Amino acid sequence: MPELPEVETVRRGLQPVLEGARIAEVTLARADLRFPFPPGFRERVTGRRVVSLGRRAKYLLADLDDGTVLVMHLGMSGAFRIEQAATQTVPGAFHYARSEDRKHDHVIFHLERADQAGLRIVYNDPRRFGFMTLVPRAELESHPFFAGLGLEPVGNALDAETLAHLLAGKATPLKAALLDQRIVAGLGNIYVCEALFRARLSPQRAAGTVATKAGRAGVRAERLAVAIREVIDAAIAAGGSTLRDHRQADGQLGYFQHTFQVYGREGEPCRTPGCGGTVRRLVQSGRSTFHCPRCQR
DNA sequence: AAGTGAACCTGAAGGC
DNA sequence: TGCCTTCAGGTTCACT
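Remember, our numbering sits 1 above the position in the first sequence when you count from 1.
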């Protein structure tokens, strides 16, 4: 599921439940996800209160009241579920409705809130490419996960000038450059395809050619910067994309996938008015690229 | 240095 | 029905 818009959607879903809650108990179904949980993970999280829930690129950041940050990445198939106990017969004993697939529930955070009892959030991840770790707040920016991250495509950080500068001189295909988190942080395979279509730029064009010879922003860098911001903003507003039955933390489905112009549309007509081209699929560095060879140059 | 491909892991979908 | 292959939203590492 998760590129930046999906992670941001998860963040917005979890925020009202997590912020201000005390993590009363942590259940780990196994010792690792993609990486082992850090030593003492369960003990270090238990009893802490969540001060705020933020996001950087595709990382969720839960600030805890002891100054550490619970860093969470959803990998390819990670998802959170919010669960509310259906009944409370005995104080402290909760019953939860059974859900379809508990097989890959790896982490349960049991929460304690003044206004609500029996609340918990469950991390499910079939492929286990996700991970969680703990980093002191003061060391977050210098941590290897974050030190090299590029521009956030939301807000004011991503402007044509900066983007052109980052791409200048690069011979790598534009598609690969935009997937590189050191340039723009948070884009993934879908939104790179969609942004390139909106910018009418070929995924195969050398990345450096979107800048002018002087390394400054030309019309192409302008178009690309605008396209990236617009597609990410629109996707967040739509609640992200729901593929392969993934759901948001509150069970809602995102609907941006209905807005895809090229992703997954191989062989279908290009939607650029008057183009008349056909969407093609090609493989670049092992990943599918969908584009219209006619209007993307 | 830069670019490509494989690896990590599981499940779904399609072909035969 | 079942077996096999291919593909999937991410990231890192090894190789050319």
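Cβ atoms here follow ideal geometry from the backbone N, Cα and C, with glycine treated the same way.
Source: prediction; values computed, not measured.
Under the criterion of beta carbons closer than 8 Å, residue 70 and residue 64 qualify as touching, at roughly 6 Å. In the DSSP assignment, the residues bridged to residue 106 are 125.
Using a Cβ-Cβ distance cut-off of 8 Å, the region 210 to 228 and the region 183 to 199 are in contact, since at least three pairs of beta carbons, one from each stretch, lie closer than that value.
Residue pairing for residue 289: DSSP places it in a beta bridge opposite 284. Inside the region 144 to 175, DSSP marks whole alpha helix (DSSP H) runs of 4 or more residues at positions 145 to 148 and 161 to 168, from first to last along the chain. Under the 10 Å beta carbon count, residue 117 is surrounded by fewer than 16 other beta carbons and is classified as exposed. With respect to residue 105, residue 121 sits apart: the two C-beta atoms are not nearer than 8 Å. Excluding the 5 residues flanking it on each side, residue 26 has same chain C-beta neighbours closer than 7 Å at 47 and 111, in chain order. Straight-line measurement puts the Cα of residue 232 at about 15 Å from the Cα of residue 272. A buried status is given to residue 159, since no fewer than 16 other beta-carbon atoms sit within 10 Å of its beta-carbon.
Residue pairing from DSSP leaves residue 231 without any beta-bridge partner. Only buried fits residue 178, as 16 or more other CB atoms lie within 10 angstroms of its CB.
Relative to the Cα of residue 287, the nearest Cα in the group 83, 176 and 275 belongs to 176. CA-CA distance, residue 243 to residue 258, rounds to 6 Å. For residue 284, the number of other beta carbons within 10 angstroms of its own is below 16, and it is reported as exposed. The beta carbon of residue 107 lies closer than 8 Å to those of 29, 30, 31, 34, 124, 125, 126 and 129 in the same chain, with the five residues before and after it left out.
About 5 Å separates the CB atoms of residue 152 and residue 185; that is less than 8 Å, so the two are in contact. Between residue 165 and residue 250, the C-beta gap is not smaller than 8 Å, which leaves the two residues out of contact. Note that the C-beta distance between residue 149 and residue 209 is not below 8 Å.
Of the candidates 37, 24 and 6, 37 places its Cα closest to the Cα of residue 134.
Under DSSP, the beta-bridge partners assigned to residue 72 are 62 and 134.
For residue 60, the closest C-alpha among the options 217, 11, 68 and 40 is that of 11. Under the criterion of beta carbons closer than 8 Å, residue 16 and residue 54 qualify as touching, at roughly 5 Å. Between residue 236 and residue 192, the gap from beta carbon to beta carbon is short of 8 Å.
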